[in-house]
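A quick write-up on the structure given underneath.
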Amino acid sequence: MTSARRALFTLAAFSAIIGTAHAASPTMFRDAGCGCCLKWLEQVKASFGAKAVIVNSPNMAAVKDKQGVPQALRSCHTVLVGGYVIEGHVPAKEIARLLREKPRGVKGLAVAGMPVGSPGMEHGDHREAYKVMTFGPGGQRVYASYIASGGAHAH
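Residues -23 to -1, 1 to 132 in mature numbering (1 follows the signal peptide of the UniProt record, and there is no 0) are what the sequence shown lists, from first letter to last.
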């Protein structure tokens, strides 16, 4: 193989890798005025394995409607990754678990509201209890629970 051909082959292979990584990149929809969204993203980006595309949306309700996020589970930001919808302050390990397990009947995970102590919503040692919920064709169910004032976790 000539050096020119080898270089072309290497470039093609590299482009394919970059294209695959880009296709897997998560997209975060957020209100431009919300600061906790970026704090959350900084903490969970390792779960995605790719750099996120950030879209500042003036109409987050329309984004959530389009993605089928139930009204009762809505929060401040919506992320699309790996064919799933991540709504709100979902911890990184739950996102990694979802992407690994790929449960049937699940369109996404959500943490409703903005619970103090959830990723991106830290306030000293204070933590509110909250649940990570699944939603989708299979309905809603508790995927993980986080208890107050210690952040303990139980499936």
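Even glycine gets a Cβ: it sits at the ideal position worked out from N, Cα and C.
At the C-beta level, Cys11 and Met98 stay beyond 8 Å of one another. The Cβ atoms of Ser95 and Tyr107 sit closer than 8 Å to each other. In this structure, DSSP gives Val46 a state outside helix and strand, which the three-state scheme calls coil. Excluding residues up to 5 positions away in sequence, Cys14, His54 lie with their Cβ nearer than 6 Å to the Cβ of Arg7 in the same chain. Taking the Cα of Val30 as reference, the smallest distance to any Cα among Val46, Val58, Lys16 is reached at Val58.
Every beta strand (DSSP E) stretch that sits fully inside the stretch 12 to 79 and reaches 3 residues is listed by chain position as 30 to 33, 55 to 58, 61 to 64.
Within a 10 Å sphere around the beta-carbon of Lys41 sit 16 or more other beta-carbons, which makes this residue buried.
Ranked by how close their Cα comes to the Cα of Tyr120, the residues Arg81, Asp102, Thr4 have Arg81 in first place.
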